[in-house]
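To start, the structure under review is shown below, and the notes come after it.
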Amino acid sequence: MPTLFTAHGNPMNALGGTTFSRFLEGWAEDLPRPRAILCISAHWERHGLAVTMSVNPETIHDFYGFPKELYLITYPAKGEPEVGEEVIALLGSGGYIVDRDRSRGLDHGTWAPLRFLYPDADIPVLQLSLPMELPLSELFTIGELLSPLRELEVLIMGSGNLVHNLSRVDFEHRDARVLEWAHSFDDDVKEWVLTRDHQKLGEPWMSSPVGRISHPTLEHYAPLLVAMGAGGSSPVTFPFEGFEHGSISMRSIRFG
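Using our numbering, the letters of the sequence shown map in sequence onto residues 4 to 259.
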């Protein structure tokens, strides 16, 4: 299996009819069908690592102030505890302790893109948490430890945005002019990924003069590092490039 980093952007994308949602609808046609999907989403931060183990994970609507129809969306994919145990074993081999979370469902960083990638919700889905206390550089290591899942037909998917500063977003205009600093950082990350510059990727605030304005906090950036670590030396492609609302990068990446 390849590994992916997908944008998710404004929750309104989940209603469809956007350029990005139409891209997602076609992207799966270029991917081998996975046995299961392991998602690392910007919207599950916690202390320590955990993997979801629910057989029937609920659809979490973790956003506020949006139209009612967004809260009616469900993504009834099954869970797959067997794959969860494989995740625990692989990360355990690197010295990481992983909790089993039997109650958490799927947040919108996971189901919003998946409802277009795999609209039938017929592939089991799990989530791995983002450990708040670990440096970004360790997320590469976590991805590397998870890489054997690719041979077991598990699709590893990071979900976030490569530029994400909600205080600078023009929510009134999806096609607003892209702000210069946002475009600059998006280009920086593209270059670092292509050159596999782990040092710069692991220190975005220090590696780019616009790093901090692009990410006041790093949760939407961090899933990239897990996906890239799992992707190893696989070829890199950028099947979608572009922005929404002037400063939300929707760049998506395939490794392999």
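Glycine residues also receive a C-beta, built at the ideal position from the N, C-alpha and C atoms. Owing to the predicted nature of the structure, the values given are computational and were not obtained by experimental measurement.
Between R49 and S140, the beta carbon gap of about 19 Å keeps them out of contact (Cβ cut-off 8 Å). In the DSSP annotation of this structure, the continuous segment of the alpha helix (DSSP H) that includes M209 starts and ends at 207 to 210. Nearest in C-alpha terms to F174, of all of E247, K81, L93, is E247. Looking at the DSSP output, D104 shares a beta bridge with T55. Just measuring C-alpha positions, the residue of G108, R107, I91 sitting nearest I100 is I91. Cα atoms of S211 and G51: separation of roughly 28 Å, rounded to the nearest angstrom.
For the options H167, L142, G249, F243, the alpha carbon positioned closest to that of L182 is the one of G249. Taking 9 Å as the cut-off, the Cβ atoms of P226 and G161 count as close. Cβ contact annotation for Y74 (same chain, cutoff 7 Å, sequence separation greater than five): H64, in chain order.
Nearest to P219 by C-alpha distance, out of A185, Y67, M4, is A185.
Contact between R257 and L7 holds, with the beta-carbon distance rounding to 6 Å and staying under 8 Å.
The region 11 to 28 and the region 140 to 159 do not touch, with fewer than three beta-carbon pairs separated by less than 8 Å. In the displayed model, V166 falls within coil according to three-state DSSP, outside both helix and strand. M15 sits buried, since 16 or more C-beta atoms from the chains shown fall within 10 Å of its C-beta. Look at the beta carbons and you see the region 35 to 47 touching the region 108 to 121: at least three pairs across the two are nearer than 8 Å.
A direct Cα-to-Cα measurement between V58 and D123 gives close to 17 Å. In this structure, the beta-carbon distance from D125 to M56 does not fall below 9 Å. In the displayed model, S255 falls within a strand according to three-state DSSP. Per DSSP, G214 has no beta bridge partner at all. L109 is bridged by DSSP to T62.
Distance from the CA of L137 to the CA of L228, rounded to the nearest whole angstrom, comes to 12 Å.
DSSP, read as helix, strand or coil, puts V86 in helix.
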